[in-house]
Amino acid sequence: MIRLVLLLTMLSLSRSLCADSPTWLRLTSDGHFKQRPTWSPDGKTLVFARHQGATIFLYLRGMDGAERRLTEAKYSEYDAVFSPDGKRLLFSFNKASPNQGDIEVYSIASDGSDLKPVAVTREKLSHEEWPCWAPDGKRIAYTSTRDGNQELYTSLTDGSDEKRLTSDPAIDAHPSWSPDGKRIAFATHRWGDLEIATVDAEGKNLTRLTESLGLDDYPTWSPDGKRLAFTSNRDGNFDVYIANRDGSQPRNATDHPAIDNFPSWLPDGRLTIVSNREAGFDVFVEAASRE
Amino acid sequence: MLTLGKQTVRNCATFSRRGLLQAGGLGVIGLGLGDLLRLEAQENASSGRPKSIILLWLWGGPSQLDTFDLKPNSPTEYRGPYRPVSTNVPGIEVCELLPKLAKRADKYAIIRSLNSSSNDHGIAGTIGLTGADFGATSLSGQVLPGELLPTHGSIASKVFGFEPTMPRFVTVGGLLHQGHRRISGETGGSLGRLYDPFRLDYDAEQGVRIPQFDLIDGVTPGGLDDRASLRTALNQLSGSVDRSKAFGQLDQYYQQAYSLLTSHNAHEVFDLEQEADSLRTSYGRFRFGQCCLLARRLIETGVRFVQVNWSSHVEPVEDTGDGGWDMHDRHFQQFQDRHAWMLDQAASALLDDLDQRGLLDETIVVAVGEFGRTPKINVKAGRDHWQQCYSGIVAGGGLRGGQVIGESDARAEYPVSRPLTPADLFTTALHQIGIGTTQLTAAGLTPQGQVIEELV
């Protein structure tokens, strides 16, 4: 009886100590390296890229855990995101030459049909990648090297009406369009190592959001637009941080000695990450929202 | 103590063979070759365990600016998106993506002035692994003139001779390729196929693999438990390969391999499950990490040279799966998401593990590729081939760590002091395990470089 009381006391103490630590649910278990998991607007389908052998393919995972490939292509594909209405996805499609790829942004219906090129190589080889949608679904943002350096661009969803948003010798990467449509967050090394910044949809009003001793990358807005999650190694290890929309009050949301990377949000505000905290790389999601 | 020129030669009881050679020849002090070899044998005997080398071959060519020679004050389009961080050696900095190696900088020396004479993977790879471009095969298939030299591990095999139950030279990883073409420089070369490496590999799903036995269905390292099964396997193999004269010459090689496979000791070496789960995890649950662990087990068992190939192909992961360091595009994303921490974790765990087992003083660990990468970021947000200046690290085996050798210019484009070649690096490593000019000459070879004085 005394032992039982002691055990219950210890369990209670343990729970109170861990009250601020989120519980992470492991969604995949194969351990293969995974990249940029993102959710459909209804939160019922996860899309992610899995590196396996000589392939990087996109997979759709339903609530029942069943998976299917997004395409039947033999080329590498990654960094997919659902459109705001959930009917289509954008993704990076690497039509590899024998030695070096030709990365382009394609669009596809969520059932795997109607594959369309969106932002592609023109006269000379360039790389278009890491697409995202404007919240109204009318425009998209991505990066391209078409003008000699990796910069941010937007266009209509068919690739027309392209606009260059940034022009700096630094690498500008990984855009994420805010839910109110006003800002695009991205990573840039124009101030040294990688930091998070925003520009407006016209490429104006550059604002620096982070200033850390460590790289900050892969920004992604929370569904309500009040917060930004991003990867940082500012504490000497890759963790996912959450800051206010202006970059203030960054706090370590994962705080684990493993590598935590590629943050994204479920529509209900739960954070999703790729982590090797259980040996291989798998997708984890918070058990409860931080709201 | 006797000082001749810059070289300090110890008293006769502890003569350094290299010191004698650099003092101007044996005749100067009245010793013959036999005396010298006896002295060397005594030196080796008194030093306890024989020294060995683990080469972490970073195939494809890591960027010097993003690993061990950062240039934070260079223009934005050169310096890249990473900052340098302090190490545990004052004044030495490495990339922020190598935090574990930063804490162990006292254990290794950084060479920042390596240079090669080719920016072709096949040629530079052959230079890196043999010390010269003789017989190297280029991307276009051109074979350069001259007889292909043996790779460094094959030299160890030749000089140290065969040992019945364990090869002297093991390569962990697949055959090195550039595109679909094999490179030339990872074999016995002029010494013959007898001195080719014995090959192992690790696959996350299959465990340790022996590629030679991929020809035989169902044969695994643990599957050859007795002579009967060995005979069956042999019969299957002999039926599946060409019974050529060359094959006949390999009898000794294969006998050794089969002895290895049928020995209880070998089974234990291959069985990574025998290691503590925490140790396996510390190396990293990915191919290169587990290959580094296997390398330590092989060295512990008596292998004198283990080459761990990061990948078979130079190209990044989406082209070939295992993903080399040849990141012409998506350079930074691949480097920070995969390669950097994999190297950091695996190499750090290897250094720690060797150290904790008392093996680091006898084991040289070299981590280097065939060249570096262009200091200026290319138009695809990547870095291309750059042979004029690159970095490597070397640890253990009594070599002096905690230092930087050589210096590059402001953009890491060219060495500005102490230019060194891969031949110098491996001449030094081989010298340190007892293979110097005398042994090379006896094997019909010549040193391809100079011993790096600062290291020994």
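Chains A and B, in that order, are what the protein sequence lines are. Quick note, the numbering used here runs 1 ahead of the 1-based positions in the first sequence. Quick note, the numbering used here runs 1077 ahead of the 1-based positions in the second sequence. Ideal Cβ positions, reconstructed from N, Cα and C, are used throughout, including at glycine.
Measuring CA to CA, which of B:1147, B:1346 and B:1138 is closest to residue 1284 of chain B?
B:1346
For residue 1 of chain A, is the classification buried or exposed, using 16 other Cβ atoms within 10 angstroms of its Cβ as the cut-off for buried?
Residue numbering for chain A in the displayed model covers 2 to 292; residue 1 of chain A lies beyond these limits and cannot be assessed.
Since residue 1182 of chain B and residue 1449 of chain B should fall inside the 8 Å C-beta cutoff, what is the C-beta to C-beta distance between them, to a whole number of angstroms?
Their Cβ separation, rounded to whole angstroms, is 19 Å, which puts residue 1182 of chain B and residue 1449 of chain B out of contact at 8 Å.
Rounding to the nearest angstrom, what Cα-Cα distance links residue 239 of chain A and residue 1172 of chain B in this structure?
14 Å
Give a yes or no on whether the minimum CB-CB distance between residue 99 of chain A and chain B is below 8 Å.
In this predicted model, residue 99 of chain A has a pLDDT of only 47, less than 50, meaning its place in the structure is not dependable; the value taken from the coordinates is given anyway. At least one CB atom of chain B sits nearer than 8 Å to the CB of residue 99 of chain A.
Identify each residue in the stretch 1351-1382 of chain B for which the Cβ-Cβ distance to at least one residue of chain A is less than 7 Å, and report them in chain order.
1358 and 1362
Apply the 10 Å Cβ neighbour rule to residue 277 of chain A and answer buried if 16 or more other Cβ atoms are within range, or exposed otherwise.
Per the 10 Å Cβ criterion, buried.
Would you list, in sequence order, the uninterrupted beta strand (DSSP E) runs of no fewer than 3 residues that lie entirely inside the stretch 1257-1287 of chain B?
With a minimum length of 3 residues, the continuous beta strand (DSSP E) runs that stay inside the stretch 1257-1287 of chain B are 1275-1280 and 1284-1286.
At 3 residues or longer, what runs of the beta strand (DSSP E) sit wholly inside the stretch 83-169 of chain A?
Assignment of beta strand (DSSP E) within the stretch 83-169 of chain A, counting only whole runs of 3 or more residues, yields 89-95, 104-110, 117-120, 129-134, 140-145 and 152-157 in chain order.
Based on Cα-Cα distance, which residue from B:1485, B:1507, B:1405 and B:1205 lies nearest to residue 1381 of chain B?
B:1507
Chain E partners of residue 1415 of chain B, CB-CB under 9 Å?
Among the protein chains of the structure shown, namely A and B, there is no chain E.
Quick test of your reading: residue 1277 of chain B and residue 1287 of chain B, contact by CB under 8 Å. State the CB separation rounded to the nearest angstrom.
6 Å
Looking only at its chain, what residues have a beta carbon closer than 6 Å to the beta carbon of residue 1047 of chain B, apart from the 5 residues adjacent to it on each side?
Given that chain B is displayed from residue 1078 to residue 1533, the structure contains no residue 1047 of chain B and the question cannot be resolved.
Quick check: the Cα distance between residue 248 of chain A and residue 137 of chain A, rounded to an integer number of angstroms?
24 Å
Do we get a CB-CB distance below 8 Å when we pair residue 216 of chain A with the residues of chain B?
yes
Run through DSSP, which three-state label would residue 1431 of chain B get?
Helix, per DSSP.
Under three-state DSSP, which class holds residue 285 of chain A?
Here DSSP, grouped into helix, strand and coil, assigns residue 285 of chain A to strand.
With a cut-off of 8 Å, does the C-beta of residue 290 of chain A fall near any C-beta of chain B?
no
Mind checking residue 1235 of chain B: buried by the 16 CB within 10 Å criterion, or exposed?
buried
To the nearest whole angstrom, what separates the beta carbons of residue 1264 of chain B and residue 1215 of chain B, a pair I think is in contact under 8 Å?
Contact doesn't hold; Cβ gap of about 17 Å is too wide.
Does the beta carbon of residue 1286 of chain B sit closer than 8 Å to a beta carbon anywhere in chain A?
no
Which of helix, strand or coil does DSSP assign to residue 1515 of chain B?
helix
Leaving out the 5 sequence neighbours to the left and right, which residues in its chain are closer than 6 Å to residue 129 of chain A when beta-carbon positions are compared?
105, 106, 120, 143 and 145
Any C-beta of chain B sitting closer than 8 Å to the C-beta of residue 195 of chain A?
yes
Whose C-alpha, out of A:147, A:181, A:54 and A:160, is nearest the C-alpha of residue 168 of chain A?
A:147
Could you tell me which of A:45, A:117, A:78 and A:86 sits nearest to residue 96 of chain A, measuring between CA atoms?
A:78
My assumption, with CB atoms under 8 Å, is that residue 1415 of chain B sits in contact with residue 1151 of chain B. Please give the rounded CB distance.
Their Cβ separation, rounded to whole angstroms, is 25 Å, which puts residue 1415 of chain B and residue 1151 of chain B out of contact at 8 Å.
So, is the C-beta of residue 151 of chain A closer than 8 Å to a C-beta in chain B?
Output row for residue 151 of chain A: interface = yes.
Could you tell me the distance, in whole angstroms, from the CA atom of residue 1503 of chain B to the CA atom of residue 1375 of chain B?
Cα to Cα, the separation comes out at about 20 Å.
Quick one: what does DSSP say residue 232 of chain A is sitting in, helix, strand or coil?
strand
Is residue 205 of chain A buried or exposed, if buried means 16 or more other CB atoms sit within 10 Å of its CB?
exposed
Per DSSP, residue 35 of chain A is paired with what?
A:51
What is the residue span of the alpha helix (DSSP H) that residue 1366 of chain B lies within?
Residue 1366 of chain B -> alpha helix (DSSP H) spans 1364-1378.
Counting only C-beta atoms, is residue 109 of chain A closer than 8 Å to chain B at any point?
no
With distances taken from CA atoms, which of B:1500, B:1455 and B:1472 is nearest residue 170 of chain A?
B:1455
Please compile the residues from chain B whose C-beta is within a distance smaller than 7 Å of the C-beta of residue 234 of chain A.
1173
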